[in-house]
Structures are given as C-alpha cells and as structure tokens.
Amino acid sequence: MARNPAVLRAALMRLQAERTRRKLAHQDLLSELYARCPRLAVVDRLQQAALLDGLTGASTGHPEAMQEAQARQTALSEERLRLLGAMHLPPDCLEDRPMCELCGDTGYQGQALCACLKKCCAEEQTKALSARIDLERQSFDAFDLGLFSSALDQEYGISPRENVEVLYDLCADYAQSFGKQTENLFFNGGVGTGKTFLTACIAGAVSKRGFWVVYDTAIHLLSVLEAEKFDRDDASPEDARSYIDCDLLIVDDLGTEFLSPFVQSALYNLVNRRLTGPGRTIISSNLTMTELRKRYTPQIVSRLEGEYRLLFFFGEDLRMKKGSAQTQ
Numbered sequence: 003m004a005r006n007p008a009v010l011r012a013a014l015m016r017l018q019a020e021r022t023r024r025k026l027a028h029q030d031l032l033s034e035l036y037a038r039c040p041r042l043a044v045v046d047r048l049q050q051a052a053l054l055d056g057l058t059g060a061s062t063g064h065p066e067a068m069q070e071a072q073a074r075q076t077a078l079s080e081e082r083l084r085l086l087g088a089m090h091l092p093p094d095c096l097e098d099r100p101m102c103e104l105c106g107d108t109g110y111q112g113q114a115l116c117a118c119l120k121k122c123c124a125e126e127q128t129k130a131l132s133a134r135i136d137l138e139r140q141s142f143d144a145f146d147l148g149l150f151s152s153a154l155d156q157e158y159g160i161s162p163r164e165n166v167e168v169l170y171d172l173c174a175d176y177a178q179s180f181g182k183q184t185e186n187l188f189f190n191g192g193v194g195t196g197k198t199f200l201t202a203c204i205a206g207a208v209s210k211r212g213f214w215v216v217y218d219t220a221i222h223l224l225s226v227l228e229a230e231k232f233d234r235d236d237a238s239p240e241d242a243r244s245y246i247d248c249d250l251l252i253v254d255d256l257g258t259e260f261l262s263p264f265v266q267s268a269l270y271n272l273v274n275r276r277l278t279g280p281g282r283t284i285i286s287s288n289l290t291m292t293e294l295r296k297r298y299t300p301q302i303v304s305r306l307e308g309e310y311r312l313l314f315f316f317g318e319d320l321r322m323k324k325g326s327a328q329t330q
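In this text, residue positions in the sequence shown follow my numbering: the first is 3, and each later residue adds one.
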C-alpha cells in the first residue's frame with residue numbers, strides 16, 4: 003500500500019497535536035489537584051528524589067542506599083494513594099497514559115506504521131479526496147437505481163436499470179476487494195449515464211479502507227503534467243508524482259482535454275507507467291471506441307482495449323432527467 007506524503011504529514015501532525023493536548027490537560031489536572039492538596043505536590047517531588055537516589059545507589063555500587071530509597075518510594079506511594087482516596091479519586095487518575103498503548107502515540111511500531119496512524123491516514127486521505135468529490139452524496143448507499151429506466155433497450159437487449167445493476171455490483175465488489183485484484187477499469191458510455199457517480203463511489207470506499215486514491219479530471223490532470231514538464235510557476239511536482247505513485251488513480255472525462263502532441267505523449271506515458279506499476283487505474287470517457295481510435299494514438303487505444311475491463315453504460319441523460327423533474 004502506497005502512502006501519500008502530504009496525507010502522512012497531516013496524520014502525523016494530528017497525532018502530535020493530540021499528544022500536546024493530552025500533555026497540557028494532564029498538567030492542568032496536576033495543577034488543580036496540587037492546589038487542592040499541597041501535600042500531594044510534596045509527595046510527588048519526594049518520590050522523584052527517591053527514584054533518583056535509588057538509581058544513583060545502583061550505579062555507584064551502594065545497595066544499602068538503593069534499598070533505603072526503595073523503602074522511601076514505597077512509603078510515599080502509599081501516602082499518595084491515601085491522599086487521592088481522600089479526594090475520592092481513583093489511584094491511576096494522574097497516570098499520563100498514551101491513547102495508543104501499542105506505539106505510545108508515536109504512530110510507529112519499529113519501522114512499521116501503527117494502526118492508530120493508519121487510521122489517521124485513512125481519515126486524512128478521505129478528507130483530501132472530499133475536496134474533489136462529494137463523498138456523502140456520491141456513495142454506494144446513495145446510489146438510486148430508480149433513476150434508471152426499466153424499459154427494454156432494443157439495441158442492447160436489456161434495460162438501462164438491469165445493466166447498471168450489474169455494473170453497480172461489479173463496482174461495489176471492486177471497491178471491497180481492492181488490493182487483492184489486479185484489474186484496471188474503463189467506464190464508457192454516454193453523458194449522464196452514471197459513470198462519474200460510480201467512479202466516485204469506488205473512490206470513497208477504497209479511500210476509507212486506507213488506500214491512496216487520486217481522483218481527477220483528464221483536463222486538470224494533463225494540465226498538471228504539462229505545467230510540471232515545462233516548469234511553469236503553477237507546476238506541482240508532488241501532484242504530478244501522485245498520479246504515478248498512488249494505489250488507485252481515477253481519471254474522469256477522458257476526451258474533454260485539449261489534444262496536442264504533448265498530451266498524446268503524456269497520456270501514453272501515464273497509462274503505460276500505471277500498467278507496469280503496482281497501482282490500479284480507472285478511466286471514464288463519453289467517447290465511443292470509434293471516437294477514441296480517431297482521437298488517440300494506436301498505442302494508447304490498444305492499452306485501453308487490451309489492459310482495461312470495459313464497463314459500458316447506456317440510457318438517457320440522468321442529469322437532464324433530474325433537471326427536468328425539478329422544473330415540473
């Protein structure tokens with residue numbers, strides 16, 4: 003599983019902020035209890051001194067000094083418990099315990115990411131993705147099959163609703179099993195037939211599972227690559243690199259971008275590098291396969307036809323349908 007550097011930084015900052023908040027809250031609690039019971043502050047200072055004396059005795063070879071310090075610590079611990087009990091507080095109320103016992107709130111267990119940091123990364127990844135798509139409205143739970151016509155389409159021998167039911171199940175399974183399968187998907191069909199909605203559903207579900215998902219339009223993606231290539235002021239090398247490194251790249255509306263020799267080359271390189279790397283790719287387009295063959299180089303089209311599983315959408319434009327219903 004790849005890690006988005008920006009997301010990892012944000013997750014680590016969250017953990018650091020939470021550690022700081024908990025430390026300040028613990029200090030506030032200590033100050034409050036010391037004010038209520040000054041003797042408690044004295045006992046805590048004496049315990050620290052006894053601990054230091056014991057360590058000094060052990061390191062200098064004076065066992066009698068170490069034993070005496072341990073006896074003081076035991077007596078002070080007992081007094082501390084009595085003082086807390088007198089204030090009706092539990093014995094462990096002043097222990098500064100981390101939220102995560104596995105990593106001590108560092109986010110790492112050795113060199114590996116702890117479960118707590120992975121959870122933060124998933125939340126930050128989903129937050130970053132929500133800047134591109136509406137994850138609440140565009141989700142599998144919000145998908146409305148009732149919008150699709152149940153009338154038989156004579157050309158395809160199936161209704162749009164029956165077709166999209168199959169596609170919905172396939173997309174839901176894809177999101178659920180992501181990381182175990184190796185398919186790339188190509189969403190093809192007319193405008194407003196559900197392609198973008200289902201790609202967004204996959205993006206949200208895969209992101210919530212902790213995978214690095216990048217969702218972008220073909221227009222913006224290729225403009226980022228162009229800016230990075232020609233070192234323009236608006237270049238974003240980190241964004242350009244994310245298209246290669248992410249676990250799942252979703253490119254929406256292929257065919258809407260301005261076509262140029264650079265775009266042809268950049269698109270070929272992107273598709274090819276994604277195919278040879280560990281990440282998966284989903285591409286959607288309103289263009290027919292005939293239109294794609296006319297627009298792009300044979301090298302690009304051969305990879306779309308040979309290396310991607312085709313999911314075909316058809317039916318009336320749902321955006322127009324919903325807009326018409328709202329005006330009635």
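Every residue gets a Cβ at the ideal spot worked out from N, C-alpha and C, and that includes glycine.
Discussion item. Between Asn6, Glu20, Leu223 and Cys102, which has its C-alpha nearest Ile285's C-alpha?
Written reply: The count along the sequence shown starts at 1 and reaches residue 285 at position 283. Nearest option by C-alpha distance: Leu223.
Item to complete: Leaving aside the five residues before and after Leu256 along the sequence, list all residues of the same chain whose C-beta is less than 6 Å from its C-beta, in chain order.
Response: To locate residue 256, count along the sequence shown from 1; it is residue 254. If we look at Leu256 and ignore the five residues flanking it on each side, its Cβ neighbours are Ala220, Ile285 and Ser287.
Worksheet item: Does the Cβ of Ala27 have 16 or more other Cβ atoms within 10 Å, making it buried, or fewer, making it exposed?
Response: If you number the sequence shown from 1, residue 27 lands on position 25. Ala27 is exposed by the Cβ-count criterion.
Worksheet item: Going straight from the alpha carbon of Leu147 to that of Leu200, what length do you get?
Response: For the purposes of this step, residue 147 is identified with residue 145 of the sequence shown, where counting begins at 1. For the purposes of this step, residue 200 is identified with residue 198 of the sequence shown, where counting begins at 1. C-alpha separation (whole angstroms): 12 Å.
Practice prompt. Please classify Asn190: does DSSP put it in a helix, a strand, or coil?
Written response: Against the sequence shown, residue 190 aligns to sequence position 188. Here Asn190 sits in strand by DSSP.
Worksheet item: Is the Cβ-Cβ distance between Leu313 and Phe188 less than 8 Å?
Response: One-based indexing of the sequence shown puts residue 313 at position 311. One-based indexing of the sequence shown puts residue 188 at position 186. Cβ distance < 8 Å, so Leu313 and Phe188 count as in contact.
Worksheet item: Is Asp107 buried or exposed, if buried means 16 or more other CB atoms sit within 10 Å of its CB?
Response: Start at 1 with the first residue of the sequence shown, and residue 107 comes out as number 105. With 16 or more Cβ atoms within 10 Å of its Cβ, Asp107 is classed as buried.
Worksheet item: Roughly how far, in whole angstroms, is the beta-carbon of Asp319 from the beta-carbon of Val166, given that I think they are within contact range, below 8 Å?
Response: Translated into the one-based positions of the sequence shown, residue 319 becomes position 317. Translated into the one-based positions of the sequence shown, residue 166 becomes position 164. Rounded, the Cβ-Cβ distance is 14 Å, inconsistent with contact.
Practice prompt. Less than 8 Å between the CB atoms is what I'm expecting for Trp214 and Arg11, so what's the real figure, rounded?
Written response: Within the sequence shown, residue 214 is the residue found at index 212, counting from 1. Within the sequence shown, residue 11 is the residue found at index 9, counting from 1. Going by Cβ atoms, the distance from Trp214 to Arg11 rounds to 13 Å, so no, they are not a contact pair.
Practice prompt. Find the nearest neighbour of Glu309 within the set Val253, Thr58, Arg38 and Thr184, judged by alpha-carbon distance.
Written response: Here residue 309 refers to the residue found at position 307 of the sequence shown. It is Thr184 whose Cα lies nearest to the Cα of Glu309.
Worksheet item: In this structure, does DSSP put Ser79 in helix, strand or coil?
Response: For the purposes of this step, residue 79 is identified with residue 77 of the sequence shown, where counting begins at 1. Of the three classes helix, strand and coil, the one that applies to Ser79 here is helix, per DSSP.
Item to complete: Might you give, ordered along the chain, the residues of its own chain that have their beta carbon closer than 7 Å to the beta carbon of Lys197, omitting 5 neighbours on each side?
Response: In the sequence shown, counting from the first residue as 1, residue 197 sits at position 195. Correct list, in chain order: Phe189, Gly191, Ser286 and Phe315.
Worksheet item: Should Phe260 be labelled buried (16 or more other beta-carbon atoms within 10 Å of its own) or exposed?
Response: By one-based count along the sequence shown, residue 260 stands at place 258. Under this definition Phe260 is an exposed residue.
Worksheet item: Considering only C-alpha positions, which residue in the set Gln156, Ala77, Ala202 and Leu86 is nearest to Ala128?
Response: Numbered from 1 along the sequence shown, position 126 holds the residue referred to as residue 128. What sits at residue 128 in the sequence shown is Thr, not Ala. Of the listed residues, the one whose Cα sits closest to Thr128 is Ala202.
Discussion item. Here's the rule I'm using: 16 or more other beta-carbon atoms within 10 Å means buried, otherwise exposed. How should Asn271 be labelled?
Written reply: In the sequence shown, residue 271 corresponds to position 269, counting from 1. By the neighbour-count rule (16 or more Cβ atoms within 10 Å), Asn271 is not buried but exposed.
Worksheet item: Can you tell me where the beta strand (DSSP E) with Tyr217 in it begins and where it stops?
Response: Within the sequence shown, residue 217 is the residue found at index 215, counting from 1. Counting along the chain, the beta strand (DSSP E) containing Tyr217 begins and ends at Val215 to Thr219.
Discussion item. Checking 8 Å against the spacing of the C-beta atoms, do Ala205 and Ile252 come in under that value?
Written reply: Here residue 205 corresponds to residue number 203 of the sequence shown, with the count starting at 1. Here residue 252 corresponds to residue number 250 of the sequence shown, with the count starting at 1. Result yes, Cβ atoms of Ala205 and Ile252 sit closer than 8 Å.
Item to complete: Give me the Cβ distance between Val273 and Arg305, rounded to the nearest whole Å; I'm assuming they're in contact under 8 Å.
Response: Taking the first residue of the sequence shown as position 1, residue 273 is located at position 271. Taking the first residue of the sequence shown as position 1, residue 305 is located at position 303. About 5 Å; that satisfies the 8 Å criterion.
Worksheet item: Would you call Tyr158 buried or exposed, if buried means 16 or more other Cβ atoms sit within 10 Å of its Cβ?
Response: Residue numbering aside, residue 158 sits at position 156 when the sequence shown is read from its first letter. Result: exposed.
Fill in: Three-state secondary structure assigned by DSSP to Gln156
Translated into the one-based positions of the sequence shown, residue 156 becomes position 154. Coil at Gln156, not helix or strand.
Discussion item. Bridge partners for Asp254 per DSSP, in chain order?
Written reply: By one-based count along the sequence shown, residue 254 stands at place 252. Paired residues: Thr219.
Fill in: Segment contact, 8 Å Cβ cut-off, at least three pairs: the segment 111 to 120 with the segment 168 to 181
no
Practice prompt. Leaving out five residues on either side along the sequence, give the residues of the same chain with a beta carbon under 7 Å from the beta carbon of Cys102.
Written response: In the sequence shown, the residue the question calls residue 102 occupies position 100. Correct list, in chain order: Cys116 and Cys118.
Worksheet entry | Helix, strand or coil at Ile135 according to DSSP, with G and I counted as helix | Stepping through the sequence shown from its first residue, residue 135 is reached at position 133. Reduced to three states, the DSSP call for Ile135 is coil.
Item to complete: Would you kindly work out how many angstroms separate the C-alpha atoms of Tyr17 and His64, rounded to a whole number?
Response: Here residue 17 is taken as the residue at index 15 of the sequence shown, counted from 1. Here residue 64 is taken as the residue at index 62 of the sequence shown, counted from 1. In the sequence as presented, Tyr is not what sits at residue 17; that position holds Leu. Roughly 42 Å between the two C-alpha positions.
Worksheet item: If you draw a straight line from the alpha carbon of Ala71 to that of Ser79, how long is it in whole angstroms?
Response: Position 69 of the sequence shown holds residue 71. Position 77 of the sequence shown holds residue 79. Distance between the alpha carbons of Ala71 and Ser79 is about 12 Å.
Worksheet entry | Any alpha helix (DSSP H) of 4 or more consecutive residues that is wholly inside the segment 44 to 129 | 65 to 88
Worksheet item: Do you know how far the Cα of Pro100 is from the Cα of Leu14?
Response: The residue you call residue 14 lines up with position 12 of the sequence shown. The residue you call residue 100 lines up with position 98 of the sequence shown. Answer to the nearest angstrom: the Cα atoms are 15 Å apart.
Worksheet item: Can you pull the DSSP bridge partners for Ser287?
Response: Along the sequence shown, read from residue 1 onward, the residue named residue 287 stands at position 285. Bridge partners of Ser287: Asn190 and Leu256.
Worksheet item: Whose CA, out of Gly281, Asp46 and Ala144, lies closest to the CA of Glu97?
Response: For the purposes of this step, residue 97 is identified with residue 95 of the sequence shown, where counting begins at 1. Checking every option, the nearest Cα to that of Glu97 belongs to Asp46.
Fill in: Sequence-distant residues of its chain with Cβ nearer than 8 Å to Ala268 (five each side left out)
Within the sequence shown, residue 268 is the residue found at index 266, counting from 1. Cβ neighbours of Ala268 beyond the five flanking positions: Leu224, Leu227, Glu228 and Lys231.
Discussion item. Let me check understanding here. Comparing Cα to Cα, which of Val168, Lys120 and Phe264 lies closest to Val9?
Written reply: The residue labelled residue 9 in the question sits at position 7 within the sequence shown. Ranking Val168, Lys120 and Phe264 by Cα distance to Val9 puts Lys120 first.
Worksheet item: CB Cys95 to CB Leu83, shorter than 8 Å?
Response: Your numbering for residue 95 matches position 93 in the sequence shown. Your numbering for residue 83 matches position 81 in the sequence shown. Contact flag unset, no.
Worksheet item: Taking buried to mean at least 16 other C-beta atoms within 10 Å of its own C-beta, is Thr62 buried or exposed?
Response: Taking the first residue of the sequence shown as 1, we reach residue 62 at position 60. That one is exposed.
Item to complete: Give the secondary structure of Leu261 by DSSP, where H, G and I count as helix, E and B as strand, and everything else as coil.
Response: Taking the first residue of the sequence shown as 1, we reach residue 261 at position 259. It is coil, neither helix nor strand.
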